[in-house]
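Structure first, commentary second.
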Amino acid sequence: MLFFIEQLLNGFQLGVTLLLMASGLTLIFGIMHLINLAHGSLFMIGAFVGATVMAYTGSFLLALAGGVAASGLVGMALEYTVLRRLYYREHLDQVLATFGMILFFNELVQIVWGRRPLGVDTPSWLSFTVEILPGVAYPAHRLAVIAVGLLVIVGLFFLIMRTRVGMWIRAGASIREMIGALGVNINLLYTLVFGLGACLAGLAGVMASPLMSVQAGMGENILILTFVVIVIGGIGSLRGAVVGAVLVGVADTLGRVYFPALFRLWADPATADAAGASLASMTIYLVMAVVLAVRPQGLFRAHA
Amino acid sequence: MPETNKRATFLTLGVLAFLAILPPVALALDRPYMVTLANRMLVYALAAVALDLVMGYGRMVSFGHAAFLGLGAYTVGILHHHDVMMTPFLFGWAGSNEALLAWPLAMLVAAGYALLVGAISLRTGGVYFIMITLAFAQMVFFFFVSLIAYGGRDGLVMFSRNSVAGTDILGSRVVLYYVCLGCLVAVLAFLVMVVRSRFGRIIEGCRQNEQRMRALGYKPFVYKLTAFVLSGALAGLAGALLANHSEFVSPDFLSWESSGLLMVMVLLGGLSTLVGPIYGALTLFALEEVLVAYTPHWQLVLGPVLILAVLFFKGGLYGWMTGKRTG
Amino acid sequence: MNRLTRSLGTMAVTLGLGVATATAAEPVKIGMVTTLSTGGGYLGEEVRDGFRLAMQQEGGDTLGGVPVELIVEDDGRNPGQGRQIAQRMMQSEGVQIMTGSIFSNVAMAVIPQVVREGVVFISPNAGPSQLAGAQCHENYFNAAWQNNDLHSAMGKYLEDEGYDNVYLLAPNYPAGRDALTGFKRYYEGNIVGETYTQLGQSDFAAEISSVREADPDAVFFFLPGGDGVNFVRQFDDAELTDRFPLFGAAFSFDNTLVQAVGDAARGAFNTSQWSADLDNEANRQFVAAYEEEYGSKPTLYAHQGYDTARLIGSALRAVDGDLSDMEAFREALRAADFDSTRGDFRFNTNQHPIQDIYVREVVEGDDGKLTNRLVAKVIEDHEDAFVGECHL
């Protein structure tokens, strides 16, 4: 049972990372109708810049600031130069242009940072364990990831639902002309929304960096999982992103632990572990297929 | 536009003639690797042409076509594996290394999966279609990763190419090349006929206005699904050829990058042109080969090229060369 | 511009590629398909650096007094990519000697194809069991070890030291499976858990929880490259290093990895066929030369690259750079007539090494950095378990 709770927490922690990614992606899709494959690249940029700042200053907080700022700036630059030209283009064009960005950024980071992954140390003030339940000591850093992620999401909900800027954003999503008529600079608003999404991706990147190797291509694995999250949740829906992220994070982690155990009942360990891990990965897609077969627009409607 | 048509014919025959004389020229220049490279290009061109049928004519943006390619390749690879290892595959059948059997089966398997994917994903459209096709392709990817008996993540090495009617003529690089070229020409001719037929016009009609087609009494779903399955089967054939070319099958064949690159070939060459994707594949492979000679970071150039192509080069190479704006 | 001209131009450019690069064929070309990217990238870099050091000691571009050209390419730890590169090297460059394989999954896709085409392949690292046994080939040599070897030695060490309950962890790829099979060759205690991870995995939270749950006396793991760095760090973060001591083959505690994980690795025991403080003339000059050239202590990968180059050099010298008679070249390789940095070295009938295996401990070196120190010899003249299955 304790083991199960520990794994559940591991699942939440992956879920929170996915949620930070998914909220940005779904916001951008919900408001600008843009499908942005390069969101994973922004995650990667955040992680790389964060790792570099960390290496030079030794401060995780500065790394966070640096990574988030870098992703935000790169994101806004992309929006300003390329992506805003694609808002009214077909999804095919959006997919291909942002696919091009992935190729570009994966090579770029290899040129700048080399082909070997960077390791990021857990900040020393988070290198301890917390006894969350008797007998279960859980690394503080992972708890911090969960806490920060949840805080950010609450803040995001507040921003969208309770503030004037949020009202503009919601209005801009449905009636673009009207918000223009209100005297709001819609182009600027879109750039800022995109920047916000990019910052969230960067934040996810820096926070996840001590847990994964920071390397070219790291964004794509998480991007595809993020797609699954927002498709299950309903594209454009923040609430859906929350539900989808927790579902995918927990399903993936528990699947990775329990499927191999299940397969070991009749297969040798190597086969069981590979089959179990892959089945765990497949399960997520099966869930997605089932959800879509029943509710083609995902679990939640957009802008809920 | 007779002038444009003349150009189109020239472009089609031109690229095919170029591909036809490539092996003797390359061998005369003592560059055997050119044949290997061009052969890979032919195989991917075939899959890209098949993708153009659904993406260009039906506007079904499939982000998972590599799955059909991979299924075709794995069908050939697995049948070969059992044949060589002399282990039973299904119901006591020990697989086969015979192309005349394995290749149609590869197409059948790919078509079957396309039927399943199409039946579910065609109920939705737009961005959902893109993501569902991607998700189904990822699922097959992980499926093959989990099959340790067939190499899992590391792929399955084949010990030889398929036999054809019991002979091992495919053992020759040049013969395999011309077989692939033959397949490409046949598929191209067939698809040109398809898009010009009543079926093709209905598919295009659905793209332009599905409501109107429905009002006219057609069932768009059935037509689109048929086109999707056909395209999947042809991608499966490309997969069978790819397995023979590489003598190796791997989950990488059906990775999402691979699906993305197929889309890139179609777009670079020219959407809804059928011939265009061949130019697209040719350009992409040539670009890689040239750039790799200068820098291992060739994708640093490809990425921006792609973005610019999307923004400013809508008709692709084919549209540029014929002066015809398509897509 | 006339559109016909344009399209003709496009074709001409494409065709022109074929004649663009012409190469002189004088030096013996050696193709190195190795892993330079991914978390395992440093393994390939160190093998390459060791190999190049041997060339530099002869003045630059020669081995055994024969002019050579070394062509290095990155396989990205991807079997398909490795095959394509090998194909290009053979068809486009006419390479007749190849080396470089780091990861066994790539090796399994590349080596059988290459040796069938008559190219001699000398592996500086990967030694999958199939290629040592049933699929052994006259054109394939391994200058490092068979995959199972070092793990078997660690199994013997833990057996001798009386650890009764061991948890096993390795990635799910040929060498990972070989590692755990190898461990069990001499180990007879309880195996309380056995987990296979994905190669390239970065987050080990689930696996670490499982270790805690199983409560072993010792953890034996094989996670080469970046996987190992992440695992040891996270294991230490979970404050388990003191409760469950970590053991592994040298790959789990090579100098690069040990310095990346820091104190978490201090005091860990690992098995190796080589150590920087191994006392013989060839090794002393190698370690000194490597430090002078690259500014860091060599790892076992660098030693393997260096020995591979020296081995090739000895054979090239014997045939005077003439590869027209491959059997003569192979015969010269089999003789292994060079001073190995590991001391005694000879080839078994399956063309894999017969060599001593030692246990080392991670300690603080004179320079204050963590390094490996030789403790004892575990097995003398070790032969791999598959030589009997090889028809050679």
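Protein chains in written order, with the numbering used here: chain G, 3 to 306; chain E, 2 to 328; chain V, 3 to 394.
Note that the Cβ used here is the ideal one computed from N, Cα and C, for glycine as well.
Keep in mind it's a predicted model, so treat the numbers as computed, not measured.
The alpha helix (DSSP H) runs of length 4 or more contained entirely in the segment 226–279 of chain V are, from start to end of the chain, 228–239 and 257–263. Annotation: residue 218 of chain G has no Cβ neighbours in chain E at a cutoff of 7 Å; minimum Cβ distance is about 10 Å.
Between the alpha carbons of residue 219 of chain E and residue 57 of chain E lies a distance of about 20 Å. A distance of 8 Å or more separates the beta carbons of residue 164 of chain V and residue 187 of chain V. Residue 67 of chain E and residue 138 of chain E do touch by the CB rule: their CB atoms are close to 6 Å apart, below 8 Å.
Shown here, residue 86 of chain V sits in a helix according to DSSP, grouped into three states. Here DSSP, grouped into helix, strand and coil, assigns residue 84 of chain G to coil. With a cut-off of 8 Å on Cβ pairs, the segment 239–258 of chain E is in contact with the segment 82–96 of chain V, counting three or more such pairs. In chain order, 226, 229 and 230 place their CB closer than 7 Å to the CB of residue 119 of chain E, counting only its own chain and leaving out the 5 sequence neighbours on each side. With 16 or more other Cβ atoms from the protein chains shown falling within 10 Å of its own Cβ, residue 259 of chain E counts as buried. Less than 8 Å separates the beta-carbon of residue 135 of chain E from that of residue 229 of chain G. For the 8 Å CB-CB criterion, residue 43 of chain G and residue 103 of chain G form a contact. Apart from the 5 residues on each side of it in sequence, residue 28 of chain G sits with its Cβ closer than 8 Å to the Cβ of 232, 235, 237, 238, 239, 240, 242 and 243 in its chain, given in chain order.
The way I'd put it, the segment 250–267 of chain V does touch the segment 223–230 of chain V; three or more beta-carbon pairs between them come closer than 8 Å.
Taken in chain order, the unbroken stretches of alpha helix (DSSP H) that lie wholly in the segment 257–299 of chain G and span 4 residues or more are 271–296. By the beta-carbon neighbour count (other beta carbons within 10 angstroms, threshold 16), residue 265 of chain E is buried. Under the three-pair Cβ rule at 8 Å, the segment 76–83 of chain E counts as touching the segment 105–123 of chain E.
Contiguous alpha helix (DSSP H) elements confined to the segment 196–230 of chain V occur at 207–216, taking only those with 4 or more residues. Sequence-distant partners of residue 141 of chain G (beyond 5 residues in either direction) whose C-beta falls short of 6 Å from its own C-beta, in its chain, are 131.
Straight-line spacing of the CA atoms in residue 278 of chain G and residue 155 of chain E works out to 17 Å. Neighbours of residue 37 of chain E across chain V, judged by C-beta separation under 7 Å: 89 and 93. For residue 360 of chain V, the uninterrupted beta strand (DSSP E) segment begins and ends at 355–366. Residue 114 of chain G counts as exposed, since fewer than 16 other beta carbons sit within 10 angstroms of its beta carbon.
Rounded to whole angstroms, residue 312 of chain V and residue 130 of chain V show a C-alpha spacing of 22 Å. Taking the Cα of residue 205 of chain G as reference, the smallest distance to any Cα among G:286, G:12 and G:149 is reached at G:149. The residue from V:31, V:392 and V:46 with its alpha-carbon nearest to that of residue 38 of chain V is V:46. Contacts between residue 143 of chain G and chain V, judged by CB atoms closer than 8 Å, involve 239 in chain order. By DSSP's assignment, residue 76 of chain V forms a beta bridge with V:36.
Under the three-state reduction of DSSP, residue 298 of chain E is assigned to coil, being neither helix nor strand. Chain-order list of chain G residues neighbouring residue 339 of chain V: empty, with the shortest C-beta distance near 36 Å, by a criterion of under 9 Å. DSSP places residue 222 of chain G in no beta strand (DSSP E) but in the uninterrupted alpha helix (DSSP H) bounded by 220–235. From the beta-carbon of residue 57 of chain G, no residue of chain V is found nearer than 8 Å; the closest lies around 12 Å away. Cβ proximity to chain G below 7 Å picks out 121, 124, 125, 127 and 128 from the segment 108–128 of chain E. Looking only at V:386, V:349, V:203 and V:267, the smallest Cα-Cα distance to residue 119 of chain G is reached by V:203. In the structure shown, the three-state DSSP call for residue 125 of chain V is strand. Neighbours of residue 117 of chain G in chain V, taken as residues at a C-beta separation under 8 Å, are given in chain order as 38, 39, 40, 43 and 76.
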